[in-house]
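Enquirer: Numbering (our numbering), first residue to last: 15 to 490.
My questions will all concern the structure given below.
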Amino acid sequence: MTSTLHPGTLGASITGPAVRSAVHLTARMDRLPATTHLWLMVLLISLGGFFEVYDLIFTGYIAPGMAKSGVLATTTETFFGFKGIAGFIAATFAGLFVGTFGLGFLPDKFGRRAVFTYSLLWYCAGSAIMAFQSSAEGIVFWRFVTGIGVGIEIVTIDAYITELVPQHMRGRAMAFNQAVMFAAAPVAALLSYFLVPTTLAGIDGWRWVVLIGCIGSVAVWFIRRAVPESPRWLAMQGRVEEAERVVKAIETKVEKQYGAPLPQPKPAQPKGPPTQSFREIWNRPYRARVVMLLVFNFFQAIGYYGFANWVPTLLMSQGITVTKSLWYSFIIAFALPIGPLLAMTFADRIERKWLIVVPALAVIVFGIAFGAMTDPLLLTLCGVLISLAGQTISVSYHAYQAELFPTAVRARANGLVYSSSRVGAMLSGFLIAWLLKGYGVAGVFVGITGCMLAVAVSIGLFGPRTNGMRLEDLSH
15 MTSTLHPGTL GASITGPAVR SAVHLTARMD RLPATTHLWL MVLLISLGGF
65 FEVYDLIFTG YIAPGMAKSG VLATTTETFF GFKGIAGFIA ATFAGLFVGT
115 FGLGFLPDKF GRRAVFTYSL LWYCAGSAIM AFQSSAEGIV FWRFVTGIGV
165 GIEIVTIDAY ITELVPQHMR GRAMAFNQAV MFAAAPVAAL LSYFLVPTTL
215 AGIDGWRWVV LIGCIGSVAV WFIRRAVPES PRWLAMQGRV EEAERVVKAI
265 ETKVEKQYGA PLPQPKPAQP KGPPTQSFRE IWNRPYRARV VMLLVFNFFQ
315 AIGYYGFANW VPTLLMSQGI TVTKSLWYSF IIAFALPIGP LLAMTFADRI
365 ERKWLIVVPA LAVIVFGIAF GAMTDPLLLT LCGVLISLAG QTISVSYHAY
415 QAELFPTAVR ARANGLVYSS SRVGAMLSGF LIAWLLKGYG VAGVFVGITG
465 CMLAVAVSIG LFGPRTNGMR LEDLSH
């Protein structure tokens with residue numbers, strides 16, 4: 015299947031018959047049993063996200079190598095110093111912010127599949143160029159460019175999976191997606207462990223870590239072209255015949271694997287005209303959701319990346335050598351894909367909002383313990399528990415916030431609220447560096463504690479329930 019950019023009708027209205035057809039098509043999607051074909055589609059999309067996560071995760075692992083080679087400094091004289099590791103981290107998330115906030119409209123306008131496919135090429139080119147930069151300014155600039163492509167990709171993936179799977183498996187599908195994507199974490203950590211301290215063919219090891227991700231992402235680009243366009247998106251653009259063909263093809267494969275006639279779709283009627291204009295997210299009920307998710311994303315990013323991107327550095331601050339800190343970081347990284355796999359067992363059984371709140375409180379407990387310890391084994395155990403809790407939050411909120419907005423503007427609205435996390439993550443590098451320099455590892459986790467309390471309060475008090483509900487019902 016080829017991928018071509020076809021602009022949709024974002025902001026336009028569709029007719030009554032088209033709305034009824036769209037509702038019927040989504041009812042047919044929601045009654046599908048969870049067969050191998052549906053999981054295969056999620057896998058293919060997730061493989062596309064593997065190298066985006068690889069790119070984000072290696073930020074912390076290659077940092078000691080970049081500092082050792084003299085390209086970037088561990089700390090800087092000023093808070094907003096852009097010649098250090100904090101500047102590198104900030105450039106990553108500044109690019110992610112531009113991708114999610116500035117270009118989040120692209121999947122809604124041109125479709126999930128096309129943007130999903132071509133954003134990987136953007137990431138690959140930017141990352142490859144960055145690997146050959148020799149100045150701090152060049153590395154930081156191309157890191158920013160790479161982040162833009164990754165930002166578009168992440169927003170698109172969330173919308174894509176949410177719309178392709180039935181309502182009863184959205185939580186598990188997102189957990190599986192996160193497990194596949196975050197399998198990149200131990201890969202990045204292991205490669206960094208062996209490559210970062212070395213030089214091969216006259217090239218610094220950290221540069222090889224970056225280039226390996228580029229090579230792998232090109233191969234995945236060909237594999238994931240087999241995924242169809244979202245029928246929900248096609249239907250909301252008025253392209254009902256195309257949506258019908260996609261749904262029929264999915265039904266045929268699912269029924270064959272199911273080995274029995276498919277269940278009858280539940281009766282569904284439009285509850286009102288569909289949301290087509292982005293301006294409508296500032297009306298009820300979306301306005302409160304936007305504010306809640308902006309607050310949530312900002313603070314969860316500081317808490318999450320404040321630990322994930324600084325694990326090797328934090329371990330070194332506790333008296334562990336560079337090589338050993340990378341090895342312990344590799345062990346901690348194994349929790350990143352294991353967390354989502356564990357979440358698959360309960361993601362659709364427990365209300366999603368509580369799967370954000372409770373792990374946020376767990377991060378506080380284990381983070382305080384991490385800051386008070388010096389024993390390598392206990393530090394690693396606490397690190398693993400923090401990662402497991404953080405991944406449960408990630409699995410849950412990626413599904414949660416995509417559910418809370420209507421199909422026609424889902425990616426753009428998701429990009430808006432997600433961009434807040436990019437701001438938080440961008441500031442996290444400077445904040446953690448400042449806290450580490452002035453107050454040590456304990457001070458770092460005091461800051462993370464405050465952020466996770468904000469996460470628990472915003473979702474716990476103001477987040478709606480979503481488990482098992484049709485996307486169309488959540489939009490009215």
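We put the beta carbon where it would ideally sit given N, CA and C, even for glycine.
Using DSSP with H/G/I as helix, E/B as strand and the rest coil, what is residue 480?
Expert: Look at residue 480 here: in three-state DSSP terms it is coil, with no helix or strand label.
Enquirer: If we count Cβ pairs, one from each stretch, closer than 8 Å, do we get three or more for the region 144-153 versus the region 462-472?
Expert: no
Enquirer: Checking 8 Å against the spacing of the C-beta atoms, do residue 223 and residue 431 come in under that value?
Expert: No. Outside cutoff.
Enquirer: Indicate whether residue 398 and residue 317 have their beta-carbon atoms separated by less than 8 Å.
Expert: no
Enquirer: Classify residue 262: buried if its beta carbon has 16 or more other beta carbons within 10 angstroms, exposed otherwise.
Expert: Here residue 262 is exposed. Its C-beta has fewer than 16 other C-beta atoms within 10 Å.
Enquirer: In the region 197-261, which residue ranges form an unbroken alpha helix (DSSP H) of at least 4 residues, counting only runs that do not cross its ends?
Expert: 198-209, 219-237 and 245-250
Enquirer: Is the Cβ-Cβ distance between residue 416 and residue 131 less than 8 Å?
Expert: no
Enquirer: At the level of alpha carbons, what is the spacing between residue 480 and residue 296?
Expert: 20 Å
Enquirer: Determine the extent of the alpha helix (DSSP H) in which residue 415 is found, giving its start and end residues.
Expert: 390-417
Enquirer: With distance defined between alpha-carbon atoms, name the residue in 183, 171, 462 and 474 nearest to residue 383.
Expert: 462
Enquirer: So, residue 250 versus residue 36, is the Cβ gap smaller than 8 Å?
Expert: yes
Enquirer: How big is the Cα-Cα spacing for residue 68 and residue 351?
Expert: Those two C-alpha atoms are separated by around 12 Å.
Enquirer: Which of the three DSSP states is assigned to residue 535 in this structure?
Expert: Residue coverage of the chain in this structure runs from 15 to 490, which leaves residue 535 outside it and unanswerable.
Enquirer: Assign residue 170 to one of three DSSP states: helix, strand, or coil.
Expert: In the structure shown, residue 170 falls within a helical segment according to DSSP collapsed to helix, strand and coil.
Enquirer: List the whole-angstrom C-beta distance separating residue 168 from residue 66, where the pair is believed to meet the contact cut-off of C-beta under 8 Å.
Expert: With a Cβ gap of about 6 Å, residue 168 and residue 66 count as contacting.
Enquirer: With contact counted as at least three CB pairs below 8 Å, one residue from each stretch, are the region 354-371 and the region 212-219 in contact?
Expert: no
Enquirer: Taking all protein chains shown into account, decide if residue 392 is buried (16 or more other Cβ within 10 angstroms of its Cβ) or exposed.
Expert: exposed
Enquirer: Please determine, among 421, 453 and 302, the residue with the shortest C-alpha to C-alpha distance to residue 475.
Expert: Here the closest residue by C-alpha is 302.
Enquirer: Going by Cα to Cα distance, which pick from 83, 402, 133 and 439 is closest to residue 348?
Expert: 402
Enquirer: Considering only the alpha carbon of each residue, which of 48, 111 and 373 lies closest to residue 410?
Expert: 373
Enquirer: For residue 93, name the three-state secondary structure that DSSP assigns.
Expert: Low local confidence applies: a pLDDT of 41 at residue 93 is under 50, so the model's placement there is unreliable, with the coordinate-based value given in what follows. Three-state result, residue 93: coil.
Enquirer: Since residue 56 is in the alpha helix (DSSP H), which residue starts that stretch and which ends it?
Expert: That run of the alpha helix (DSSP H) goes 50-82.
Enquirer: Report, in whole angstroms, the separation of the C-beta atoms of residue 13 and residue 247, which I expect to be a contact under 8 Å.
Expert: This structure gives no information on residue 13, because the portion of the chain shown stretches from 15 to 490.
Enquirer: If we ignore side chains and look at the alpha-carbon of each, how far apart do residue 154 and residue 434 end up?
Expert: 21 Å
Enquirer: Alpha carbon to alpha carbon, how far is residue 309 from residue 454? Give it in angstroms, no decimals.
Expert: Answer to the nearest angstrom: the Cα atoms are 27 Å apart.
Enquirer: Taking C-beta to C-beta, are residue 234 and residue 64 nearer than 8 Å?
Expert: yes
Enquirer: Of all the options 157, 123 and 148, which has the alpha carbon lying nearest to the alpha carbon of residue 137?
Expert: The shortest C-alpha separation from residue 137 is found at 157.
Enquirer: Quick one: using the 10 Å Cβ neighbour count with 16 as the cut-off for buried, is residue 483 buried or exposed?
Expert: exposed
Enquirer: Residue 159: which of 182, 105 and 198 sits nearest, CA to CA?
Expert: 105
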